[in-house]
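A.B. asks: Pasting a structure here, questions to come.
Dropping the structure here:
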């Protein structure tokens, strides 16, 4: 019987080993990036867990290990573009300067509407394409239809892969309300284009001539009247015009949606789920893992971002708190040389200051030797309480992660430590890449 993951972590020797995963469950990133058969890496996860930074760091590491890489980001923070030395990102891949090694790194940001326009232009003759692009309903659809961003992210991925210009494509998936909307988007768009309303609106154009007009006037009079009241006559007309113009291109959309879905299932694609060591984030990650398995998508592992660590892991939270209380509370052995009065002073009790603010205030105190000794005690107690807070945080993260790994022991995991600030240059991305490759915890 295999040991419980929580028990296994407690029996490891030393603070560093206690924070590491067992070797059987550690995700080895470099072989994945180096494998020429790996052509697409998809970073997915809930919003705010560091997907975009992870994607950029993986792209940089792969490029500096000799591959020609393009990173497709979805609405990245401005600082990320700046970290790559690029003033702005758009729908065209741009070469990132300053990389090391023989490879190349390119970066781009999805332009949802422009990508939709490219699909229309690819599947319609110039005259029909111009009519579609100018249609008000199409302009609203391409800018804000539910699932459009997710579909267009996968559409752009298909375009990049078809060009066969890059050894590796790293995709940062959209921050969706639902965890895996980008998997559903091709089906959703196909369902929309095949839906009953679309078929009804398309029917008159397909029948043509008087028969078509008769169908429109008799068979659809009630429906159009109702829709006209709900949507407005002009909007309904725009929709009908759009559907008539798009009729010949619907098949192209469905074909490309199916091809994109199969591309995600192909052996050359690798999914990485990105999460933070928090209950809600790992619950979402568990859903990702289960959904990817259900869809036969090739999951490579979990990137656990922003993991905290401590270089003083041997000192438990309980021992640190006990030591802090010994320094703060009056003791018989300390009631010499006037210390009892000092330790029982109002300053010692009932303070609402946090350990950090109290320690900062104490550090600036000056006075008699007794005051100095008291200040040192209070400063030490504050630092001990800060350490206890850190160790309690580590314990919560460990338990949360162990629950996930116990539920999904087949998923390889790599831990990336929490950093003190944002990534703002290639050196920062390189550091993230190094930590992704080694999975080492943060000692501080």
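Numbering (this note's numbering), first residue to last: 2 to 445. Yeah, the Cβ is synthetic: ideal placement off N, Cα and C, and Gly gets one too. Quick caveat: nothing in here was measured; it's all calculated off a predicted structure.
In terms of residues, what are the limits of the beta strand (DSSP E) holding residue 29?
C.D. replies: As a working mapping, residue 29 is identified with position 28 in the chain shown. First-last for residue 29: undefined, no H or E at that position.
A.B. asks: Who does residue 413 pair with in a DSSP beta bridge?
C.D. replies: One-based indexing of the chain shown puts residue 413 at position 412. Per DSSP, residue 413 has no beta bridge partner at all.
A.B. asks: Should the stretch 429 to 436 be regarded as contacting the stretch 320 to 329, the criterion being three or more beta carbon pairs within less than 8 Å?
C.D. replies: no
A.B. asks: My assumption, with CB atoms under 8 Å, is that residue 305 sits in contact with residue 414. Please give the rounded CB distance.
C.D. replies: If you number the chain shown from 1, residue 305 lands on position 304. If you number the chain shown from 1, residue 414 lands on position 413. Contact holds; Cβ gap of about 6 Å.
A.B. asks: For residue 327, count the other beta carbons within 10 Å of its own beta carbon; 16 or more makes it buried, fewer makes it exposed. Which is it?
C.D. replies: Here residue 327 refers to the residue found at position 326 of the chain shown. Burial call: exposed.
A.B. asks: For residue 105, which beta-bridge partners are listed by DSSP?
C.D. replies: Position 104 of the chain shown, counting from 1, holds the residue named residue 105. DSSP lists 69 as partners of residue 105.
A.B. asks: In terms of residue numbering, what span does the alpha helix (DSSP H) encompassing residue 427 cover?
C.D. replies: Within the chain shown, numbered from 1, the residue matching residue 427 stands at position 426. First-last of the alpha helix (DSSP H) with residue 427: 427 to 439.
A.B. asks: Look at the Cβ atom of residue 436, then the Cβ atom of residue 418, and state whether they are nearer than 8 Å.
C.D. replies: To locate residue 436, count along the chain shown from 1; it is residue 435. To locate residue 418, count along the chain shown from 1; it is residue 417. Cβ distance < 8 Å, so residue 436 and residue 418 count as in contact.
A.B. asks: Cα-Cα, which of 399, 140 and 71 is closest to residue 104?
C.D. replies: Residue 104 sits at position 103 when you count from the first residue of the chain shown. Checked all of 399, 140 and 71; the closest Cα to residue 104 is 71.
A.B. asks: I need the straight-line Cα distance from residue 258 to residue 174, nearest angstrom please.
C.D. replies: Along the chain shown, read from residue 1 onward, the residue named residue 258 stands at position 257. Along the chain shown, read from residue 1 onward, the residue named residue 174 stands at position 173. Cα-Cα distance, rounded: 16 Å.
A.B. asks: Sort out for me which residues DSSP pairs residue 276 with in a bridge.
C.D. replies: In the chain shown, counting from the first residue as 1, residue 276 sits at position 275. Note: residue 276 sits in a beta bridge opposite 305.
A.B. asks: Helix or strand or just coil, what does DSSP make of residue 221?
C.D. replies: Taking the chain shown and counting its residues from 1, the one referred to as residue 221 is at position 220. At residue 221 the pLDDT is 44, less than 50, meaning the model places this residue with poor confidence; the figure from the coordinates comes in the next sentence. Residue 221 falls in the coil class under three-state DSSP.
A.B. asks: What does the alpha-carbon distance come out to for the pair residue 309 and residue 379?
C.D. replies: Here residue 309 refers to the residue found at position 308 of the chain shown. Here residue 379 refers to the residue found at position 378 of the chain shown. Rounded to whole angstroms, residue 309 to residue 379 spans 26 Å at the Cα level.
A.B. asks: The alpha helix (DSSP H) that contains residue 88, what's its start and end?
C.D. replies: Reading the chain shown from its first residue, position 87 is the one you call residue 88. Note, residue 88: premise wrong, no alpha helix (DSSP H); not H, not E.
A.B. asks: Quick one, are the C-beta atoms of residue 66 and residue 35 less than 8 Å apart?
C.D. replies: If you number the chain shown from 1, residue 66 lands on position 65. If you number the chain shown from 1, residue 35 lands on position 34. Yes, the pair counts as a contact, with Cβ atoms nearer than the cut-off.
A.B. asks: In angstroms, rounded to a whole number, what distance separates the CA positions of residue 101 and residue 49?
C.D. replies: The sequence position of residue 101 within the chain shown is 100, counting from 1. The sequence position of residue 49 within the chain shown is 48, counting from 1. So the alpha carbons of these two residues sit roughly 29 Å apart.
A.B. asks: Compare the beta carbon distance of residue 136 and residue 116 with 8 Å and say whether it is the shorter of the two.
C.D. replies: Translated into positions along the chain shown, residue 136 becomes position 135. Translated into positions along the chain shown, residue 116 becomes position 115. Not closer than 8 Å, so no.
A.B. asks: Is the beta carbon of residue 268 less than 8 Å from the beta carbon of residue 114?
C.D. replies: For this step, residue 268 is matched to residue 267 along the chain shown. For this step, residue 114 is matched to residue 113 along the chain shown. In this structure, residue 114 does not lie closer than 8 Å to residue 268 by Cβ.
A.B. asks: Go ahead and label residue 84 buried or exposed: buried means 16 or more other beta carbons lie within 10 angstroms of its beta carbon, across all protein chains shown.
C.D. replies: Taking the chain shown and counting its residues from 1, the one referred to as residue 84 is at position 83. Counting Cβ neighbours within 10 Å, residue 84 comes out buried, since at least 16 surround it.
A.B. asks: So, helix, strand or coil for residue 137, using DSSP?
C.D. replies: Residue 137 sits at position 136 when you count from the first residue of the chain shown. Three-state DSSP puts residue 137 in a helix.
A.B. asks: Beta-carbon separation of residue 75 and residue 154 under 8 Å?
C.D. replies: Taking the chain shown and counting its residues from 1, the one referred to as residue 75 is at position 74. Taking the chain shown and counting its residues from 1, the one referred to as residue 154 is at position 153. Closer than 8 Å, so yes.
A.B. asks: How should residue 94 be labelled, buried or exposed, when 16 other C-beta atoms within 10 angstroms of its C-beta is the threshold for buried?
C.D. replies: To locate residue 94, count along the chain shown from 1; it is residue 93. Counting Cβ neighbours within 10 Å, residue 94 comes out buried, since at least 16 surround it.
A.B. asks: How about the stretch 286 to 293 and the stretch 53 to 67: do they share at least three Cβ pairs that are nearer than 8 Å?
C.D. replies: no
A.B. asks: Applying the criterion that 16 or more other CB atoms from any shown protein chain within 10 Å of the CB defines a buried residue, is residue 496 buried or exposed?
C.D. replies: Lying outside 2 to 445, the shown extent of the chain, residue 496 is not represented and no answer is given.
A.B. asks: Going along the chain, which residues of its own chain have a beta-carbon closer than 6 Å to the beta-carbon of residue 391, five neighbours each way excluded?
C.D. replies: Counting from 1 along the chain shown, the entry for residue 391 is found at position 390. 311, listed in sequence order.
A.B. asks: Compute the distance between the beta-carbons of residue 264 and residue 256, then report whether it is under 8 Å.
C.D. replies: On the chain shown, residue 264 is found 263 positions in, with the first residue counted as 1. On the chain shown, residue 256 is found 255 positions in, with the first residue counted as 1. Not closer than 8 Å, so no.
A.B. asks: Residues in the same chain with beta-carbon distance under 7 Å from residue 130, minus the five sequence neighbours each way, listed in chain order, please.
C.D. replies: Position 129 of the chain shown holds residue 130. Correct list, in chain order: 121 and 122.
A.B. asks: Given residue 29, which residues of its chain have a CB within under 7 Å of its CB, disregarding the five upstream and five downstream residues?
C.D. replies: Counting from one through the chain shown, the residue named residue 29 turns up at place 28. Answer for residue 29: no residue qualifies.
A.B. asks: What number of angstroms, rounded off, separates the C-alpha of residue 134 from the C-alpha of residue 141?
C.D. replies: By 1-based counting over the chain shown, the position of residue 134 is 133. By 1-based counting over the chain shown, the position of residue 141 is 140. Distance between the alpha carbons of residue 134 and residue 141: 11 Å.
A.B. asks: Can you tell me which of 98, 159, 108 and 282 puts its alpha carbon nearest to the alpha carbon of residue 119?
C.D. replies: Position 118 of the chain shown, counting from 1, holds the residue named residue 119. Of 98, 159, 108 and 282, the residue nearest in Cα terms is 159.
A.B. asks: How long is the line joining the alpha carbons of residue 31 and residue 51, rounded to whole angstroms?
C.D. replies: Start at 1 with the first residue of the chain shown, and residue 31 comes out as number 30. Start at 1 with the first residue of the chain shown, and residue 51 comes out as number 50. About 19 Å.
A.B. asks: Residue range of the beta strand (DSSP E) that residue 43 falls in?
C.D. replies: Locating residue 43 in the chain shown gives position 42, where the first residue counts as 1. That run of the beta strand (DSSP E) goes 41 to 45.
A.B. asks: Residue range of the beta strand (DSSP E) that residue 169 falls in?
C.D. replies: One-based indexing of the chain shown puts residue 169 at position 168. Where residue 169 is concerned, the enclosing beta strand (DSSP E) stretches over 169 to 173.
A.B. asks: Given residue 112, which residues of its chain have a CB within under 7 Å of its CB, disregarding the five upstream and five downstream residues?
C.D. replies: Position 111 of the chain shown holds residue 112. For residue 112, where only same-chain residues beyond five positions count, the Cβ hits under 7 Å are 91 and 92.
A.B. asks: Where residue 281 and residue 398 are concerned, what is the direct C-alpha to C-alpha distance, given to the nearest angstrom?
C.D. replies: On the chain shown, position 280 is the one that residue 281 refers to. On the chain shown, position 397 is the one that residue 398 refers to. About 12 Å.
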